[in-house]
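Asker: Residue 34 is where the sequence shown starts when you use this note's numbering, and the numbers rise one by one after that.
Backbone N, C-alpha and C define an ideal beta-carbon position, used for all residues, glycine too.
Everything numeric in this text was worked out from a predicted model, so none of it was measured.
A single structure is presented below for examination.
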Amino acid sequence: MPVTAATGLVAGTGTASGTAGWEDLAAGLGTTADDAYDGSDLWLRYVPVSDPNLLWKYRETVTTVIVENAGRNKVHRHTPNLGMAPGSAERLVESTLEAARDELVRGLRGLLDRAVPVRADPGDRPPGGAVIVGTRDSSQLVRQHLSARDLASVGDDGYLIRSVSRGTREFTVIAGNTEVGALYGTFAFLRRLQTHKTITRLDISESPRVRNRHLNNWETVRLYSGNNPSGTGGLNGENGTIFNFAATGQSAGLNLPVILDRYIVVARAMASVGINGITINLVNADNVYLTPAYIAQEAALADALRPYGIKIALSINYTAPTDPRFAPDTLTNEQLDPHGAEFRGWWNRRAALVQASVPDFTGFTVKANSEGQPGPQDFGDDHGDGANAIAAAVDPLGMKIFWRTFVYNADVDEDRLKRAYLEFGYIDDERQPDGTKGRFLDNVFLQTKNGPLDFQGREPIHPMFGRMENTNQALELQITQEYTGQDEMLCYLGPMWEEALKTDTYARDERGRLLDKRLMGHIVDGTAQGHSDTAIVGVANLGNADNLTGHHFSQANLFAFGRQSWDWTLDSADIAADWVRMTWSNRGNVVGTIVRMMMGSWEALVSYQTPLGMAHQFRSSDHYGPNPAERLARDDWSPVYYNKADSSGLGYDRSPTGSDFTAQYFPTLAARYGDIDTVPENLLMWFHHVPWDRRMRSGRIFWDELVHRYQMGVQYVTWMRLTWDSLRSSIDARRFAEVESKLAVHEADAGDWRDTCVNYWKRFSGRDNPVDGGPLSIKIVVGGRAIGAFDLSASSYPIPVPAGASPKITKVIPSDRAARYEILSQADGVPGQAVVRVIKEDFFGPIVKDYVFVMERAST
Ligand code: GCW
């Protein structure tokens with residue numbers, strides 16, 4: 034059925050003249066003023082509330098800010114004369130309540146478009162419209178209006194936001210048991226205004242489900258957010274990383290201890306979503322971070338972050354004690370015995386040295402015996418020995434160890450996916466002298482990626498979740514988009530993390546009974562197996578680009594990570610909606626449109642990169658583009674190892690007839706994944722070598738389905754590009770253009786994925802050159818003849834028009850009845866060009882193809 038332009042791409046986005054309401058006008062005006070905006074405020078931009086009724090209500094509800102004793106609990110500051118770089122816009126605060134107060138003042142001034150007075154003194158009674166922030170310790174008003182019992186339920190980091198009525202006066206109390214809790218509440222309150230939610234009659238009680246919500250900052254690799262537009266690194270002597278430790282040339286004066294605006298923006302943004310820690314250096318750790326000169330810089334950074342409730346940690350190298358840079362305090366290889374006093378003593382001394390400058394230092398992140406990093410196995414010890422040695426060394430200092438499980442020693446098993454569990458599982462099972470089970474100490478977290486391979490677009494959950502019940506498990510997610518489009522592709526990861534966190538592990542207890550709470554999120558938040566210390570870690574995507582994350586939409590991934598690590602049960606679409614409102618616009622049609630783009634973007638990426646459970650087909654040089662034919666020195670880095678393409682089919686058999694990796698899952702999942710008839714199709718090739726002609730649930734054979742999936746992924750990107758274009762008048766110019774040009778690259782690169790992979794698989798499948806036979810395939814009738822079977826990836830199609838016949842398309846016949854089409858243009862003559870747009874809503878969102886037909890005279 035033909036569609037008209039108005040019902041085309043995005044329902045309701047028409048901005049036809051005459052229908053523009055005041056909101057459009059207001060947004061239009063705002064747009065001009067904002068046209069140079071670069072995205073550097075992340076989601077903390079605080080533009081005036083555009084709805085006049087709402088603005089009026091907000092102004093009535095918020096007239097005064099009252100923060101008593103804001104400066105009383107000054108946070109520790111190690112660095113004398115800590116200072117912002119000259120000309121900075123941000124400022125250093127001395128306490129967490131000052132941070133909360135300043136945020137409210139800044140936020141309200143922006144949102145309400147007028148200054149809101151601040152008072153430190155409670156007065157006799159708070160005026161109507163007061164917003165009171167504090168703890169029961171800091172604030173008499175909080176004490177008056179919230180009982181200790183009220184607050185007890187929210188724990189250390191949680192908060193209450195409550196509207197209170199006293200006679201005709203109404204005011205708002207934002208409180209935590211700690212100042213950090215009050216700060217989180219402040220951000221949550223501001224978020225309500227930013228997203229145009231009600232701020233009256235509030236009775237909000239929030240606390241995080243997970244205790245340690247940390248970033249890992251890989252400062253030198255997988256950084257797609259440097260300020261160098263032609264690459265991912267930096268300019269002007271900076272190396273592109275978010276924090277400057279060793280900038281040179283014209284930026285030499287911008288190294289820590291100097292504090293830059295972007296550090297404070299990042300600190301505020303982290304706190305706004307509840308992130309409370311950051312490991313500041315790469316897991317392939319450079320020992321320089323443990324030298325006194327660097328520790329002094331780290332201390333300054335920690336000072337600047339501290340008011341925002343953010344604690345720092347460091348990645349370390351297992352053999353750091355032998356590094357001559359630490360002379361005279363160095364060890365020999367023989368002294369690296371994890372059971373020996375020398376090794377433990379060294380780590381204790383080093384940690385103490387850091388702690389002397391950073392008293393709230395969290396501890397160490399360790400990548401050992403992985404990808405060339407040294408570790409205990411090099412000396413005949415195992416991960417348990419190594420982790421426990423360093424953990425025991427720092428335990429008296431109150432520190433923790435985050436020991437990564439990303440190991441894949443090829444000697445352990447042919448199937449890379451099995452290796453981590455084989456190296457760690459038995460340590461968790463070991464009976465200890467005191468009768469308990471599990472050798473890892475209490476201050477050790479095993480930090481495990483969500484999936485068993487390596488941050489692929491879609492992975493099954495890592496089987497260690499739930500199987501390591503006697504050990505603290507930290508979940509590691511990758512916010513930086515190494516395998517998900519880097520800084521070029523718009524890919525919102527919230528749905529991916531939601532899928533992982535809400536996956537049923539079918540975990541059982543020792544007696545074989547299914548646990549009540551057994552989603553991956555329950556394992557991670559400790560409720561499944563009774564762990565009190567819990568952690569989620571995100572490999573961050575921050576750099577020194579103007580917008581701090583490279584792609585404007587990558588900001589959403591940082592935002593979502595924070596929100597989901599606070600509460601993994603949240604709906605990723607709701608998180609996206611908040612982010613869009615805070616970042617782009619509150620206009621309903623804009624919000625709906627952008628959220629829709631975001632929500633299908635991940636599934637689309639999976640579809641054009643690695644559909645149906647394919648994995649790791651990336652070219653090794655950069656992990657961005659495809660290279661399914663690549664064979665490297667290491668098998669388990671090679672796309673061919675993962676795809677196992679041959680004339681019989683495609684995919685890695687990890688079922689009981691293959692590597693039997695599936696046996697590492699709890700029985701229900703093991704059975705489900707191990708059987709090709711029951712495995713979810715989106716994980717199919719993770720677990721099975723799939724015959725080319727296997728009948729799929731759609732009724733199509735595997736080969737056809739595979740080709741369709743690649744094509745549909747690309748077609749979703751086309752839809753995103755066209756849809757973004759439809760927002761041109763609603764988005765400020767600079768950011769609009771930057772996203773527009775990224776989407777053009779995105780579409781082309783998605784097409785490259787499709788073509789490279791499909792053409793390679795074709796060699797094995799022995800099937801025909803693929804035509805676009807997917808949901809958007811059509812036939813057209815020209816000169817009385819039906820023409821179809823159009824090539825999958827051609828940019829245009831020649832159509833022979835018999836002599837004397839009209840070049841007009843007289844009929845379009847979509848093969849899928851749910852597809853709609855529109856003839857965008859007809860050829861006036863021969864030669865000439867016609868364009869037909871075909872649209873369909875499919876399982877991950879709308880998909881679009883513009884068929885370009887070149888009408889040619891048919892040779893007789
Ligand atoms: O995803 C891989 C990356 C490596 C990284 C490794 C890890 C820092 O390609 O660059 O090393 O994971 O997680 O340790």
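Which value, in whole angstroms, describes the spacing of the CA atoms of Ala573 and Val254?
Answerer: One C-alpha to the other measures close to 11 Å.
Asker: Is the number of C-beta pairs between the region 122-141 and the region 93-108 that are closer than 8 Å three or more?
Answerer: Cβ pair count under 8 Å is three or more, so yes.
Asker: My guess is that Leu760 and Val623 are in contact by the Cβ rule of under 8 Å, so how many angstroms apart are they, rounded?
Answerer: Leu760 to Val623, Cβ: 6 Å. Contact.
Asker: May I ask you to check if the CB of Asn317 is nearer than 8 Å to at least one heavy atom of the ligand GCW?
Answerer: Yes.
Asker: Closest to Ile313 by C-alpha separation, out of Arg301, Ile345, Tyr459, would be which residue?
Answerer: Among Arg301, Ile345, Tyr459, the Cα nearest to that of Ile313 is on Ile345.
Asker: DSSP puts Leu193 in a beta bridge; with which residues?
Answerer: In DSSP, Leu193 forms a bridge with Ala208, Ser238.
Asker: Return helix, strand or coil for Met630, following the three-state DSSP convention.
Answerer: DSSP places Met630 in helix when its eight states are reduced to three.
Asker: What's the C-alpha gap between Asp418 and Asp782?
Answerer: The straight-line gap from Cα to Cα measures roughly 46 Å.
Asker: Glu404: beta carbon under 8 Å from a heavy atom of the ligand GCW?
Answerer: Checking the Cβ of Glu404 against the ligand GCW gives yes.
Asker: Where does Ala662 sit, in a helix, a strand or coil, going by DSSP?
Answerer: Residue state, collapsed to three classes: coil.
Asker: Shortest alpha-carbon distance to Trp635 belongs to which of Ile512, Asp600, Gly707?
Answerer: Comparing Cα-Cα distances from Trp635 to each of Ile512, Asp600, Gly707, the minimum goes to Ile512.
Asker: Apart from the five residues on each side of it in sequence, which residues of its chain come closer than 8 Å, Cβ to Cβ, to Ala852?
Answerer: Closer than 8 Å at Cβ, skipping near neighbours: Pro808, Leu809, Ile811, Val871, Ile872, Lys873.
Asker: Could you tell me the distance, in whole angstroms, from the CA atom of Met615 to the CA atom of Gly545?
Answerer: Whole-angstrom Cα-Cα distance: 47 Å.
Asker: Going by Cα to Cα distance, which pick from Arg730, Asp487, Gly518 is closest to Asp669?
Answerer: When each option's Cα is compared against that of Asp669, the closest is Asp487.
Asker: Starting from the C-beta of Glu203, find all residues in its chain whose C-beta is less than 8 Å away, skip the five residues before and the five after it, and write them out in chain order.
Answerer: Correct list, in chain order: Thr94, Gly161, Gly162, Ser196, Val197, Thr233.
Asker: May I ask you to verify whether the region 203-222 touches the region 230-247, counting CB pairs closer than 8 Å and requiring at least 3?
Answerer: Flag = yes, the region 203-222 and the region 230-247 touch.
Asker: Have a look at Asp444 and Ile556 and give me their C-alpha separation to the nearest angstrom.
Answerer: So the two alpha carbons sit approximately 30 Å from each other.
Asker: Under 8 Å: do the region 512-528 and the region 586-601 share three or more Cβ pairs, one atom per stretch?
Answerer: Because the criterion of three Cβ pairs below 8 Å is met, the region 512-528 and the region 586-601 touch.
Asker: Can we say the region 693-703 touches the region 648-663, given the rule of at least three CB pairs closer than 8 Å?
Answerer: Cβ pair count under 8 Å is below three, so no.
Asker: Mark Lys433 as exposed unless 16 or more other C-beta atoms lie within 10 angstroms of its C-beta, in which case mark it buried.
Answerer: Classification of Lys433: buried, given that the 10 Å Cβ count is 16 or more.
Asker: Excluding the five sequence neighbours on either side, which residues of its own chain have a C-beta within less than 8 Å of the C-beta of Asn505, listed in chain order?
Answerer: For Asn505, where only same-chain residues beyond five positions count, the Cβ hits under 8 Å are Phe473, Asp475, Val477, Phe478, Leu479, His564, Asp566, Thr567, Ala568.
Asker: Any chance the CB of Gln519 is under 8 Å from a heavy atom of the ligand GCW?
Answerer: Flag unset: Cβ of Gln519 not near the ligand GCW.
Asker: Anyone know if the C-beta pair for Asn350 and Asp319 falls short of 9 Å?
Answerer: Yes; because the gap between Cβ atoms is below 9 Å, this pair is in contact.
Asker: Taking contact to mean at least 3 C-beta pairs separated by less than 8 Å, is the region 222-236 in contact with the region 244-262?
Answerer: No, because fewer than three Cβ pairs between the region 222-236 and the region 244-262 fall closer than 8 Å, the two stretches do not touch.
Asker: How about Phe439: is its Cβ closer than 8 Å to a heavy atom in the ligand GCW?
Answerer: At least one heavy atom of the ligand GCW is nearer than 8 Å to the Cβ of Phe439, so yes.
Asker: Which residues in the same chain as Tyr327 place their Cβ atom closer than 7 Å to its Cβ, once the five residues preceding and following it in sequence are excluded?
Answerer: Closer than 7 Å at Cβ, skipping near neighbours: Phe278, Val321.
Asker: Which runs of the beta strand (DSSP E), 3 residues or longer, sit entirely within the region 90-172?
Answerer: List check, beta strand (DSSP E) in window: 97-99, 163-167.
Asker: Thinking C-alpha only, which one of Met630, Val306, Tyr516 is nearest Asp758?
Answerer: When each option's Cα is compared against that of Asp758, the closest is Met630.
Asker: Note down the Cα distance separating Leu315 from Thr398, rounded to an integer number of angstroms.
Answerer: Each residue's Cα considered, the two are about 9 Å apart.
Asker: With distances taken from CA atoms, which of Tyr441, Asp537, Tyr341, Arg464 is nearest Leu702?
Answerer: Comparing Cα-Cα distances from Leu702 to each of Tyr441, Asp537, Tyr341, Arg464, the minimum goes to Asp537.
Asker: Nearest by alpha-carbon distance to Thr560: which of Arg464, Tyr674, Ile423, Arg244 is it?
Answerer: That would be Arg244, whose Cα lies nearest to the Cα of Thr560.
Asker: I'd like to check one pair, Gly746 with Pro644: are the Cβ atoms closer than 9 Å?
Answerer: Contact flag set, yes.
Asker: So what does Ile460 bridge to, in DSSP terms?
Answerer: Answer is none; Ile460 lacks a bridge partner.
Asker: Look up Asp785 in the DSSP assignment and say whether it is helix, strand or coil.
Answerer: If DSSP states are grouped into helix, strand and coil, Asp785 belongs with the helices.
Asker: Using a threshold of 8 Å, is the CB atom of Phe488 nearer than that to any non-hydrogen atom of the ligand GCW?
Answerer: Phe488: yes, Cβ under 8 Å from the ligand GCW.
Asker: Are Gln562 and Gly499 touching if we call contact CB-CB under 9 Å?
Answerer: The answer is yes: Cβ separation under 9 Å.
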